[in-house]
Every structure is written in C-alpha cells, then in structure tokens.
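Participant: Under the numbering used here, the first residue of the sequence shown carries the number 3, and numbering increases by one thereafter.
Got a structure for you, written out below as structure tokens; questions coming shortly.
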Amino acid sequence: MFKKRLFTPGPTPVPERIMLKMANPIIHHRNPEFKEIFAELNENIKYLFQTKNDVLTLTSSGTGAMEAAVANVINENEKAIYVNGGKFGERWGHLLRVFGGIPLEIRKDWGIPPAKEEILDLIKENPEVVAVYLTHSETSSGTVTDVKEIAHEIRRISDALIIVDGITSIGAIELRMDDWDIDIVLTGSQKGLMIPPGLAFIAVSERAWKKINKTENRTYYLSLKKAKKALETGDTPWTPAITLIIGANEALKMIKKEGIENIWQRHSKLAEGIRTGIKALGLKLLSKSPSNAVTAVLMPDGIEFKKFNDALKYEFGITVAGGQENYKGKLFRISHLGYYDELDMISMISALEFALHKSGYKFEPACGVNAIQKFFLENL
Ligand SMILES: *Cc1c(COP(=O)(O)O)cnc(C)c1O
Numbered sequence: 003m004f005k006k007r008l009f010t011p012g013p014t015p016v017p018e019r020i021m022l023k024m025a026n027p028i029i030h031h032r033n034p035e036f037k038e039i040f041a042e043l044n045e046n047i048k049y050l051f052q053t054k055n056d057v058l059t060l061t062s063s064g065t066g067a068m069e070a071a072v073a074n075v076i077n078e079n080e081k082a083i084y085v086n087g088g089k090f091g092e093r094w095g096h097l098l099r100v101f102g103g104i105p106l107e108i109r110k111d112w113g114i115p116p117a118k119e120e121i122l123d124l125i126k127e128n129p130e131v132v133a134v135y136l137t138h139s140e141t142s143s144g145t146v147t148d149v150k151e152i153a154h155e156i157r158r159i160s161d162a163l164i165i166v167d168g169i170t171s172i173g174a175i176e177l178r179m180d181d182w183d184i185d186i187v188l189t190g191s192q193k194g195l196m197i198p199p200g201l202a203f204i205a206v207s208e209r210a211w212k213k214i215n216k217t218e219n220r221t222y223y224l225s226l227k228k229a230k231k232a233l234e235t236g237d238t239p240w241t242p243a244i245t246l247i248i249g250a251n252e253a254l255k256m257i258k259k260e261g262i263e264n265i266w267q268r269h270s271k272l273a274e275g276i277r278t279g280i281k282a283l284g285l286k287l288l289s290k291s292p293s294n295a296v297t298a299v300l301m302p303d304g305i306e307f308k309k310f311n312d313a314l315k316y317e318f319g320i321t322v323a324g325g326q327e328n329y330k331g332k333l334f335r336i337s338h339l340g341y342y343d344e345l346d347m348i349s350m351i352s353a354l355e356f357a358l359h360k361s362g363y364k365f366e367p368a369c370g371v372n373a374i375q376k377f378f379l380e381n382l
C-alpha cells in the first residue's frame, strides 16, 4: 500500500464531496441545468471575494486572470507599479512588458514584503501611474503583504487602480475587496478553492470598469468586456471548463457553510501550528512576514535537499514544493492552503522528522511533533 499526500500550494487536495460531483456525466453549457449551477456559483463567489462586484469566470489557470488584469487595463506606454519580491510578483512585470506598459518595479528580497512608503513615494514621483499591482500572498517565498493598509494609503493620494494577485490568499487569508476598496482581485481554482487546476476568477470594481472601457482591446479570449457581456445572460463567452465549474460550485457551498471568517481562522491556526513545529526542530523560515497559506522553510546546513525530498516523496508519499530560482535546493515549502485540518499538519511534521532523520539532520526525536501537538491542544 502507498498512500499519497499532497502538501503543495497548488494544486491542493480536492475534497471527496467535490470529486464525486465532478464524476457525473458531462452536461452541456447552454442547458438550463448548467445555467442554474453557474448562476449559483456567480452569487456565492462574491462571498468568497467579499464583494458586490461581478466576479468573472475564465477557463485558464491563475496566470490567465493575471494576463487579463494587464491586457484589459493597460494601454501602451502607460505606467504601472508592481512589487517584485518573488516569482509571482515578478510575473506582473513580465506581463506589463508584453503588453507595452511601462513597469515601475519595487524590488524586494524574497521573504520581505513591501513597505507602504516605498509604494507611496513611487506614486508621488510618478503621479500618472494607472495601476499598482500587488501579490497578497507571495507563494514562492511564503510571504504575506499587508494589502489592507497599503490599499488604504494608496487611496488617500491616488486614483490608480489597485490590482491584487489573491491566488494563494483568496479562501485562506483575510481579504475584503469592497471594504478595502480594491479594484481587481483574482484567483485560480487549484488553490484555496480546493478544486483541480483550470479555472480562474477575477473580480472587477466600478472604477476598474471605467478604465477597462477606455482601454484599447488587445486580447480576445481573455477579454473581460466579453466575459461581462456574457455574464449578463448567465453565460460565458466560450465553452467553459464545465466540470470544474460544477466542482467550484460545490466548493463554494462548503466555504459558505464553514464561513469565511472561520476559514481564515483555521488557516491562521494551521499555519501557526506548522511554524511552531518547524521552529521546535531548529529549522528557519525564509519569510519575515509568513503567509498563512504556505510556509517556506530553509534547508538546514549540510542537509541535501534531494535526499530529504526523496524520503518524503518515495517513503511517505508526501509531495511538498521545493524552492524556485535562487532558492532551488535551498528551501522547501509546506502548503496549508485549502482542504486541511490539524491532523494533516501533525502528520506533516511527523513525516518531516522521518525525512530529516533519514537525511542526517540531528534533533531531539519527536520535538517537532510534540510542539505542534501541544500548540493545538492549547488552542482548541
Ligand atoms: C499559483 C500562483 C500563480 C500562478 O497560477 P497558475 O495557476 O500556475 O497560472 C500566480 N500567483 C500566485 C501567488 C500563485 O500562488
């Protein structure tokens, strides 16, 4: 017997209840049966984003929604600020360049979130910027940015659109689109939404629609105007990933039932449990501002990543994410995003102890498991 356990920040595990819904025979997307499901999804997804704005469904991975948030918004030679503090923040810069915008980069070391002053100063030097692109939870470094405060400060001095990659924060970390006055928020299906990859969701404010309506059309498949027009009749412009929409609808029912505040609270608790176990083992986090969706842990000195990772993968069936770019082989990332509970986290720390032991790391046996168990007992 070999049981597999997925601890990556996308794809994330899919609840059995959702898999069963998606196992039903395919239905046609212009049938009333589908329209009913899609209408229900369109209502409940607003709750997930904490918005009254329409949330558009795109058949693409999360990056498709990022591309839509640039292609529909930025005209050639318009300036936009973005924060590059990891692989996903950097992606905003690539997209801005592809669509002919002028990207103004705020570069941060991995693990350090941007300070509001850096963003405000750049806006004051370039008052013509049309948008500020942020990454709420930078998955490559496991770092959370204080989007609430930054959005509040930007709004006091500028009408620039505030555009947030919420791909590992939606459904995990507090994000209130309307209360925080954010213009565009987007996510992908294989993260906090707990379904397989293939869908992206993008919420658009009134202020953002005004800009989009003045922006030259440079995308067809990812046109937000087309998606909005179709949504007015309860449709999508193209054949959607029907099966995934059925899955997402079921996921949203689960999310509504648990309650979004409870979900944020659960993620906070699981993340803190993992961090407690990690620290007890004498390991260090990469981030100075750790995300509640994913924890990036530095490989201890002298321990080979491959040996450690192979033990996790082939002996315990556990997949974690490795480090990217400069951190390849230097860190591993444990996801606690989506369908997880306390026992999953304890198992993860337990497996970590086995794999660390196998790869030659010295520690007091069971000190990690002890610490996480104690943390959960004290925080029932
Ligand atoms: C996963 C992820 C993406 C990319 O999403 P894809 O679905 O792989 O296109 C973008 N941003 C963040 C923060 C992510 O975690």
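We treat Cβ as the ideally placed atom computed from N, Cα and C, and that holds for glycine.
Work out the CA separation of N55 and G91 for me, nearest whole Å.
Facilitator: Translated into positions along the sequence shown, residue 91 becomes position 89. Translated into positions along the sequence shown, residue 55 becomes position 53. For G91 and N55, the distance between alpha carbons rounds to 25 Å.
Participant: Would you say T321 lies against chain C (beta-carbon separation less than 7 Å)?
Facilitator: The displayed structure is made up of one protein chain only, and chain C is not part of it.
Participant: Just how far apart, CA to CA, sit M179 and E127?
Facilitator: Here residue 179 refers to the residue found at position 177 of the sequence shown. Here residue 127 refers to the residue found at position 125 of the sequence shown. Approximately 27 Å between the Cα atoms of the pair.
Participant: At what residue ranges does the stretch 326 to 366 contain a whole run of the beta strand (DSSP E), taking only runs of 3 or more?
Facilitator: Scanning the stretch 326 to 366 for uninterrupted beta strand (DSSP E) segments of 3 residues or longer gives 333 to 337, listed from N- to C-terminal end.
Participant: R7 lies in the beta strand (DSSP E); which residues open and close that run?
Facilitator: On the sequence shown, residue 7 is found 5 positions in, with the first residue counted as 1. Note, R7: beta strand (DSSP E), 7 to 9.
Participant: Would DSSP call E306 helix, strand or coil?
Facilitator: Numbered from 1 along the sequence shown, position 304 holds the residue referred to as residue 306. Here E306 sits in coil by DSSP.
Participant: State the start and end residues of the unbroken beta strand (DSSP E) segment that holds A210.
Facilitator: The residue labelled residue 210 in the question sits at position 208 within the sequence shown. First-last for A210: 208 to 216, but that is the alpha helix (DSSP H), not the beta strand (DSSP E).
Participant: DSSP puts D167 in a beta bridge; with which residues?
Facilitator: Taking the sequence shown and counting its residues from 1, one reaches residue 167 at position 165. D167 pairs with T137, L188.
Participant: Assign M3 to buried or exposed, taking buried as 16 or more other Cβ atoms, counted over all protein chains shown, within 10 Å of its Cβ.
Facilitator: Against the sequence shown, residue 3 aligns to sequence position 1. Exposed: under 16 other Cβ atoms inside 10 Å.
Participant: Compute the beta-carbon to beta-carbon distance between T321 and K330, rounded to the nearest angstrom, for a pair I have assumed lies under 8 Å.
Facilitator: Mapped onto the sequence shown, residue 321 falls at position 319. Mapped onto the sequence shown, residue 330 falls at position 328. Not confirmed; about 16 Å, so no contact.
Participant: Taking 6 Å as the cut-off, is the beta-carbon of S63 closer than that to any non-hydrogen atom of ligand 1?
Facilitator: Within the sequence shown, residue 63 is the residue found at index 61, counting from 1. Yes, ligand 1 has a heavy atom inside 6 Å of this Cβ.
Participant: Could you tell me the alpha carbon to alpha carbon distance between G275 and D346, rounded to whole angstroms?
Facilitator: Counted from its first residue, the sequence shown places residue 275 at position 273. Counted from its first residue, the sequence shown places residue 346 at position 344. Those two C-alpha atoms are separated by around 11 Å.
Participant: Starting from the N-terminal side, write out each stretch of the alpha helix (DSSP H) that is 4 residues or longer and does not extend beyond the stretch 47 to 102.
Facilitator: Listed in chain order, they are 64 to 73, 89 to 100.
Participant: Starting from I159, trace the alpha helix (DSSP H) both ways and give me its first and last residue.
Facilitator: Against the sequence shown, residue 159 aligns to sequence position 157. Where I159 is concerned, the enclosing alpha helix (DSSP H) stretches over 149 to 159.
Participant: For P242 and H96, which I take to be in contact (beta-carbon distance under 8 Å), what is that distance rounded to the nearest angstrom?
Facilitator: Within the sequence shown, numbered from 1, the residue matching residue 242 stands at position 240. Within the sequence shown, numbered from 1, the residue matching residue 96 stands at position 94. Their Cβ separation, rounded to whole angstroms, is 26 Å, which puts P242 and H96 out of contact at 8 Å.
Participant: Assuming L339 contacts T14 (C-beta within less than 8 Å), just tell me the rounded distance between them.
Facilitator: As a first step, residue 339 must be located in the sequence shown, where it is residue number 337. As a first step, residue 14 must be located in the sequence shown, where it is residue number 12. That pair is a contact at about 5 Å.
Participant: Cβ of D343 versus every heavy atom of ligand 1: is any distance shorter than 6 Å?
Facilitator: Numbered from 1 along the sequence shown, position 341 holds the residue referred to as residue 343. Checking every heavy atom of ligand 1 against the Cβ of D343, none is found closer than 6 Å.
Participant: Output the distance between the C-alpha atoms of F203 and T189, rounded to the nearest integer angstrom.
Facilitator: Counting from one through the sequence shown, the residue named residue 203 turns up at place 201. Counting from one through the sequence shown, the residue named residue 189 turns up at place 187. Whole-angstrom Cα-Cα distance: 5 Å.
Participant: Return the bridge partner residues of P292 from the DSSP annotation.
Facilitator: The count along the sequence shown starts at 1 and reaches residue 292 at position 290. In the DSSP output, where bridge partners are listed per residue, P292 has T145.
Participant: Does the beta-carbon of L333 have 16 or more other beta-carbons within 10 angstroms, so that it is buried, or is it exposed?
Facilitator: Translated into the one-based positions of the sequence shown, residue 333 becomes position 331. Burial call: buried.
Participant: Mapping DSSP to helix, strand and coil, what is G324?
Facilitator: Here the question's residue 324 lines up with position 322 in the sequence shown. It is a strand residue.
Participant: Can you give the Cα-Cα distance for L98 and I104, rounded to whole angstroms?
Facilitator: Walking along the sequence shown from the start, residue 98 turns up at place 96. Walking along the sequence shown from the start, residue 104 turns up at place 102. Cα to Cα, L98 sits roughly 7 Å from I104.
Participant: Examine the Cβ distances between the stretch 164 to 177 and the stretch 19 to 29 and report whether three or more of them are shorter than 8 Å.
Facilitator: no
Participant: Could you tell me whether the stretch 137 to 157 touches the stretch 278 to 298, using the rule of 3 or more Cβ pairs below 8 Å?
Facilitator: yes
Participant: What's the call for G102, buried or exposed, on a 16-neighbour Cβ count within 10 Å?
Facilitator: Here the question's residue 102 lines up with position 100 in the sequence shown. When all chains shown are included, G102 counts as exposed.
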